[in-house]
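Numbering (the working numbering), first residue to last: 11 to 325.
Where is the CB? At the ideal position from N, CA and C, for every residue including glycine.
Fair warning: this is a prediction, and the values are worked out from it, not measured in the lab.
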């Protein structure tokens, strides 16, 4: 069991980034991949698909949007997310999108909606069930997934009329007014349009089922983003579940914000139960088991919960 931490240390010393290190020890045996598929014309509008091996029927689908403050990141860095969900029988689509300064809002939101539309229209070719379509994101990607779920104009304008099966937010930004940072003012401005960027403003009775996962000590995206969105959804009568950790620690020197997503990776999966909560949520909402695909590799088994155990889980 000491081999993976030693390998991680060696790769880090070699100058690899944290996500490069994680992906270097992510196995390929649980899924079949289809890479760099264009979901719309133009640079940056591509996606990767991870289809679990050995499925006997069409599987639920998660479209994942990565974080990076709406300015950075790429789908190639999130192979470990596709691998993690494939162990639970979930077809995963990891989508790139145009970023600032190339576009401002709603440019990246239009891309996100087009990625969902393409997935709905084509995912059956990759083992997915378009009727069981979820959106998920981390950090700024969580913001984007939340707006897709709550402000229905984006999917409607992209030609998607069917409701989403659910939304999963990992340490997402949902309620971050007032905007004081110059780069965010440029991304979401002018000021009279700030409200349009806030998912909390679009909480509504018909919202898709929602799962919000966040750590209370997150210093990048504060916990009140998730708390306020959960409250607004409950007041609107929409179904919402929350998993709030006191803190998440997956590796020395890595804070809760990053660990909320890297907890899905093979090296850190056993100590933090984020993947369990995601799979359970998809299982319950899709009406399909996400724990028993007849894949050649054994399914994941979580170790007993540690200090990372959530302090709140309610619906």
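Contact under 7 Å by Cβ, residue i with residue j
| i | j | result |
| --- | --- | --- |
| residue 102 | residue 145 | no |
| residue 175 | residue 295 | yes |
| residue 3 | residue 75 | The requested residue 3 does not occur in the structure, where the chain is confined to residues 11 to 325. |
| residue 56 | residue 44 | no |
| residue 235 | residue 159 | no |
| residue 130 | residue 140 | yes |
| residue 291 | residue 221 | yes |
| residue 110 | residue 178 | no |
| residue 261 | residue 210 | no |
| residue 87 | residue 29 | yes |
| residue 266 | residue 279 | no |
| residue 136 | residue 96 | no |
| residue 194 | residue 148 | no |
DSSP-derived helix/strand/coil call for residue i
| i | result |
| --- | --- |
| residue 261 | coil |
| residue 210 | helix |
| residue 102 | strand |
| residue 255 | strand |
| residue 288 | helix |
| residue 153 | helix |
| residue 204 | helix |
| residue 198 | helix |
| residue 61 | strand |
| residue 225 | strand |
| residue 114 | coil |
| residue 296 | helix |
| residue 69 | strand |
| residue 50 | coil |
| residue 56 | strand |
| residue 45 | strand |
Length of the line joining the Cα atoms of residue i and residue j
| i | j | result |
| --- | --- | --- |
| residue 282 | residue 253 | 12 Å |
| residue 213 | residue 33 | 36 Å |
| residue 293 | residue 185 | 28 Å |
| residue 112 | residue 66 | 42 Å |
| residue 190 | residue 41 | 43 Å |
| residue 289 | residue 206 | 31 Å |
| residue 138 | residue 62 | 10 Å |
| residue 264 | residue 239 | 26 Å |
| residue 107 | residue 80 | 9 Å |
| residue 161 | residue 134 | 26 Å |
| residue 39 | residue 100 | 15 Å |
| residue 10 | residue 249 | No answer is possible for residue 10: the residues shown for the chain start at 11 and end at 325. |
| residue 64 | residue 132 | 20 Å |
| residue 68 | residue 297 | 12 Å |
| residue 232 | residue 128 | 33 Å |
| residue 171 | residue 287 | 28 Å |
Extent of the continuous alpha helix (DSSP H) to which residue i belongs
| i | result |
| --- | --- |
| residue 268 | 266-272 |
| residue 40 | Neither: residue 40 is in no alpha helix (DSSP H) and is coded neither H nor E. |
| residue 118 | 117-132 |
| residue 28 | 28-34 |
| residue 164 | 163-167 |
| residue 239 | 234-246 |
Where residue i falls, given that 16 or more other Cβ within 10 Å makes a residue buried
| i | result |
| --- | --- |
| residue 203 | exposed |
| residue 58 | buried |
| residue 275 | buried |
| residue 259 | buried |
| residue 200 | exposed |
| residue 70 | buried |
| residue 53 | exposed |
| residue 93 | buried |
| residue 225 | buried |
| residue 216 | exposed |
Where the beta strand (DSSP E) containing residue i begins and where it ends
| i | result |
| --- | --- |
| residue 138 | 138-148 |
| residue 177 | 176-180 |
| residue 91 | Here residue 91 belongs to no beta strand (DSSP E); instead the alpha helix (DSSP H) covers 89-96. |
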